[in-house]
Amino acid sequence: MLLKRPAFTVVGVLTLAVGIGANTAIFSVVNGVLLRPLPYPAPDRIVRLWEQTASAPRVSVSYPNFRDWHERSKSFRALAAYEGGTTTVLGGTEPVFVDVYAVTKDFFDVFGVAPALGRTFTAEETVEGGVPSVVVSHRFWERMLQGNRDLASLHLQIEGLSARVVGVMPPGFAHPAQADVWFPKEIAPDDTTRTAHNLAVVGRLQVPRDRGAAELAVVAAQLQAEHRGENDAQSIPMVPLQDALTGGSRNTLLLLLGAVGLVLLIACANLASAMLARGEERRVELAIRAALGAGRARLLRELLTEGLLLGLFGAAAGLLLAGWLVRVFLAFTTVPLPRREMIGVDGPVLAFTLALGVLTPLLFGILPALQASRPDLRDTIAESGRAALPAARGRIRDALVAVEVAVALVLLAGSALLIRSFSNVMSIDAGFDAHGIMTMDLAVPGTKYPDADRSAAFYRQLIERLGALPGVEAAGAVNALPFSETIGTGGGFYFEGDVAPSHQKRYAGYRVVTPGYFEVMRIRLLRGRLLSDADRPGGDVAVVVDQEFVRRYVGGGDPIGRRFRYFGMDSLNEPMMTIVGVVASIRSASLLSDVVPEAYVGYLQRPRRTQGAMAVAVRAARRDRVESLTPALRAAIASLDGDVPVRFSTMEERLGQSVADRRFMMALLSAFAAVALLLAASGIYGVLAYSVAQRTAEIGIRMALGANPQNVVRLVLSAAMSSVGVGVAAGCLAAFAAVRAIRSFLFGVAPSDPVAFAAAVFLLIAVGLVAAYIPARRATRVDPLRALRAR
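Here the sequence shown is numbered in the working numbering, starting from 127 and rising by one per residue.
Structural data, given as structure tokens:
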């Protein structure tokens, strides 16, 4: 029977394909990120550990505390620590930025994964003074070492140290996710600083988790008692590694799965409405078959089978759509999703799709099937002669339209709130002008620049060359750019003349810059002067502080000439720093981060702080030409040193990345709301078009008795908008409750914001009117004489 009505079949399949495809796509992301177990033996035994202090529930672990955990705990088969970051690696096809991690000896035992080639570290390599060696990831081995299986010939230059490659991990292994190179790190036995939190710790339990947690609680209490005043760790939080990796994404993904489930609900309501109309059209046929002896069970089975076939065809089309949606999602999303490589269509995703294809048509098709499977031939023939059909038949379809409208309003209201929130975020003043700036992350090789003076000289020459390029307005460098993954240094400080200074009393960030940095960023000078090349070693260290520094620590006094020193610098015999200027405060971590006090010091007076990685920024003379500067900038760097890798990005891209999670949520929820709106509009149109067709005789009689086209349009629209109105009222109540789920994504707007709700309601009513007007207008073209004859 589906082939006899191809239009009905195609529309039903496409409607389900949209709903099922969107749900399958999001479920594949949820499955890959949250549900699939980690690709290690007994992954539930692998845990992540932190320290809990009075000021933070989870912080990294200090060296001595980890050493004591390792010695005292008997609950772990293996316990390991690691630390690291991005640095320059030489030895492959070209110098590259690579994420390199120093790991303790049991690191690979924690994961229970053996190398695909070679070995991991020997005991001799994990002690101080051992032979430098590294293990590399499979992707690094293939991409940078051309898959060379002769490991004895492979050496890498890392931080000025030559290390041999002893092993290659299997494909898919990477912890942390971005790691490409691991080298052995042994904790120094003379390190006793328990307040320096630098290590990430993972372990493989050999006892149940609750027993391990109980033992760690005892160890934490022992260490706190033994090192009172030195150890600020109060307890040792421990969670499964999978939860630690995915915890930040869980709420967002589950929220999106719920939102896309609402889209499927609208699609199913559309399908139910279409199946009701289909049953009405076949009412005479089914009545005749029933009169000839066909039982109700047989008719019901036939109708449900048709619905099931629609669902299976819709699931197949939805699976194809989901595959495309996942590829688009992975290609365009800028959110750093954990376990991204695990996202795809696999067995659980196929089972999920099949379940939707079977359950949705059965659940939402049972009512139309029950109604259509009990026809009465005499009633059917009698109704065929009436000008208007019984109103009860249309109530179910009106209720389905109201459900579609209500669900669509929930998504529209959520989308409107996120759009207003994102607009508020992007209107925040960052304290600098991000437009027209190209940034470059650089890391000079330690083998070629072994001391701070040579490193500082490299950056001085580079800034001079970049500043002289055509189209460049200004050039500067800093140890940590705003909105970057690199965290600037900072710490407690004291003013000259303080009595009994305390490191807990004052805190300020600490950035090393070249003089041109302020001009590039257009950070406003408020008082005094900026740094210059005249600020050289040998004299007082000139420092520029920001407005927040002055507000918190100077008050109403004059900051110019005040002298201060950071704690921990006394041992370096560095002089006091003298404030020479005050600049506007900036937001350095993200647009939503708090403004923190900052101090800027010249790179020539702190050359050791420039050693290794610095970020360079140039301002284009024309902001629309910033991208075109890249080839000239790359050539200028290569002309100075071809072994220095560089990564380019505009400051606007960095700014956008800092709010990527909010943009991601807004974009996806808005996309779901748009699909829901289209489905709701098609549902309104379909119900009204069918209603007009069924009421042709009634409309013909009305027009024969003098009703004009405007009366007919008003009649049809009023019937449609009554259902829309009920749906809007119900949707507002549902939305008020549902949008509380996105409260954490809102900024500067309340969950019950009237502007957002009014916009959603207005848009939904406007679309409903447009969808209803087309069949209403068509009703005015009814020829009364033909309508009566046809009836």
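Every residue gets a Cβ at the ideal spot worked out from N, C-alpha and C, and that includes glycine.
Note that this is a predicted model, so its numbers are computed, not measured.
| Check | Outcome |
| --- | --- |
| Among the candidates 673, 575, 746, whose CA atom is the shortest distance from the CA of residue 598? | 746 |
| Using a Cβ-Cβ cut-off of 8 Å (strictly less than) and excluding sequence neighbours within five positions of residue 782, which residues of its own chain qualify? | 460, 789 |
| Locate the beta strand (DSSP E) running through residue 567, then write down its first and last residues. | 563-569 |
| Who pairs with residue 437 in a beta bridge, going by DSSP? | Bridge partners of residue 437: none, in fact. |
| Alpha carbon to alpha carbon, what distance is there between residue 766 and residue 260? | 30 Å |
| Measure the alpha-carbon distance for residue 609 versus residue 547 and round it to whole angstroms. | 20 Å |
| Under three-state DSSP, which class holds residue 154? | helix |
| Quick check on this structure: which residue in 229, 262, 283 has the alpha carbon closest to the alpha carbon of residue 274? | 262 |
| Measure the beta-carbon distance from residue 150 to residue 444 and round it to whole angstroms, keeping in mind my assumption that it falls under 8 Å. | 6 Å |
| Taking buried to mean at least 16 other C-beta atoms within 10 Å of its own C-beta, is residue 311 buried or exposed? | buried |
| Under 8 Å Cβ to Cβ from residue 319, same chain only, skipping five residues before and after it: list those, please. | 188, 189, 190 |
| From 875, 730, 401, pick the residue whose C-alpha is nearest to that of residue 587; which is it? | 730 |
| Check residue 178 in the structure and name its three-state DSSP category. | strand |
| In whole angstroms, what is the alpha-carbon distance linking residue 876 and residue 537? | 16 Å |
| Decide if residue 706 is buried, meaning its Cβ has at least 16 other Cβ atoms within 10 Å, or exposed. | buried |
| Tell me which same chain residues have a C-beta within less than 6 Å of the C-beta of residue 167, skipping the five on either side of it? | 238 |
| Have a look at residue 512 and residue 899 and give me their C-alpha separation to the nearest angstrom. | No answer about residue 512 holds up, because its pLDDT of 49 lies below 50 and its placement is not dependable. |
| So does the region 427-434 actually touch the region 460-476, counting three or more Cβ pairs closer than 8 Å? | no |
| DSSP beta-bridge partners for residue 366? | 173 |
| From which residue to which residue does the alpha helix (DSSP H) around residue 342 run? | 335-352 |
| Measuring alpha carbon to alpha carbon, tell me which residue in 249, 331, 344 is nearest residue 309. | 249 |
| Could you say which of 541, 810, 567 lies nearest to residue 884 if we only look at CA atoms? | 541 |
| Identify the continuous beta strand (DSSP E) that holds residue 604 and give its terminal residues. | 598-604 |
| On the DSSP bridge assignment, give the partners of residue 708 in chain order. | 653, 671 |
| When the Cα of residue 873 is compared with those of 718, 245, 756, which residue comes out closest? | 718 |
| Can you list, in chain order, the residues of its chain with a C-beta nearer than 6 Å to that of residue 714? Leave out the 5 residues immediately preceding and following it. | 608 |
| Identify the continuous beta strand (DSSP E) that holds residue 225 and give its terminal residues. | 222-229 |
| Below 8 Å, how does it come out for the region 793-809 and the region 886-895: are there three or more Cβ pairs, yes or no? | yes |
| Take the Cβ of residue 321 as the centre, count every other Cβ of all protein chains shown within 10 Å, and call the residue buried at 16 or more, exposed below. | exposed |
| Starting from the Cα of residue 173, find the closest Cα among 677, 205, 539 and give me that residue. | 205 |
| Using 10 angstroms around the beta-carbon of residue 569, count the other beta-carbons present and answer buried if the total reaches 16, otherwise exposed. | buried |
| Mind the definition here: the region 479-492 touches the region 441-456 only if three or more C-beta pairs lie below 8 Å; say whether that holds. | yes |
| Just curious, the alpha helix (DSSP H) that residue 726 is in, first and last residue? | Counting along the chain, residue 726 falls outside any alpha helix (DSSP H), though it belongs to the beta strand (DSSP E) covering 724-728. |
| Let's see if you can read the secondary structure: which residues bound the alpha helix (DSSP H) around residue 862? | 835-864 |
| Going along the chain, which residues of its own chain have a beta-carbon closer than 8 Å to the beta-carbon of residue 748, five neighbours each way excluded? | 562, 597 |
| Give me the DSSP bridge partner(s) of residue 310. | 229 |
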